[in-house]
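What follows is a short report on a single structure.
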Amino acid sequence: GAGVSQSPRYKVAKRGQDVALRCDPISGHVSLFWYQQALGQGPEFLTYFQNEAQLDKSGLPSDRFFAERPEGSVSTLKIQRTQQEDSAVYLCASSLTVTGRNTEAFFGQGTRLTVV
Amino acid sequence: KNQVEQSPQSLIILEGKNCTLQCNYTVSPFSNLRWYKQDTGRGPVSLTIMTFSENTKSNGRYTATLDADTKQSSLHITASQLSDSASYICVVSSISGGYNKLIFGAGTRLAVHP
């Protein structure tokens, strides 16, 4: 596709409900990142995939958060038993290469999750 | 701890005026520094990327500077337009664990008024 696509754009979940957020990266991009952005704050790192391998999940806030990228393209971020503090915008980004100094990261529009 | 701090937190200017946004960082090892523009309800969009050896880079009315010795960067916006109203985020990249890890600042929220 032309850019990084995320769905849904908006999600309202009742506390305790499970949610799944989808990211379609730019075709052929090796790296995929998930970020959590609270209102008025900069994005905070959640997890990183290189192709299908999840190389860094140090930013996942609890074991209720789980991410996968089984075929090295589409990725899903799953949040189990959602809590109000999970309310945020979840951003996905992809980049063509891994460690190039000018590696550009392209962001999706994000999924705004509201837990009520 | 790797950190990126931005100032001011928010800024209001009149259309046509110039402004400068600041970024200080303590990130090691340093790979590159990026400025992103984030419109409300959108994902960040890259404005500039600078490596260690570059001390200035322009993209239209946006000019970024980098002083790698003092670990400071600035983003200067010339002749501001209403469409410049957005958050501007400074991001420092560090190659850690075999990949480019991005460390984000909290952003400066810019409002351009007519």
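Just so you know, the sequences run in chain order A and B.
If you read the first sequence in this note's numbering, its first letter stands for residue 1, the second for the next number, and so on.
If you read the second sequence in this note's numbering, its first letter stands for residue 1, the second for the next number, and so on.
Built from N, CA and C at the ideal position, the CB exists for glycine as well.
- The beta carbon of G59 (chain A) sits closer than 7 angstroms to those of E44, F45, L46 and T47, all from its chain and outside the five residues before and after it, given in chain order.
- G42 (chain A) sits buried, since 16 or more C-beta atoms from the chains shown fall within 10 Å of its C-beta.
- According to the DSSP secondary-structure assignment, F33 (chain A) is paired through a beta bridge with A:Y48 and A:A93.
- A contact is defined here as three or more CB-CB pairs under 8 angstroms, and the segment 73 to 80 of chain B meets this definition with respect to the segment 16 to 34 of chain B.
- Take T48 (chain B), set aside five residues on each side of it, and the residues of its chain with a beta-carbon closer than 6 angstroms to its own are W35, K57, N59 and A64, in chain order.
- In this structure, the CA atom of Y99 (chain B) is about 12 angstroms from the CA atom of S94 (chain A).
- Look at E68 (chain A) here: in three-state DSSP terms it is strand.
- The Cβ atoms of P114 (chain B) and L66 (chain B) lie no closer than 8 angstroms to each other.
- Annotated three-state conformation of L39 (chain A) is coil, per DSSP.
- R81 (chain A) has no beta-bridge partner at all, per DSSP.
- According to DSSP, D84 (chain B) shares a beta bridge with no other residue.
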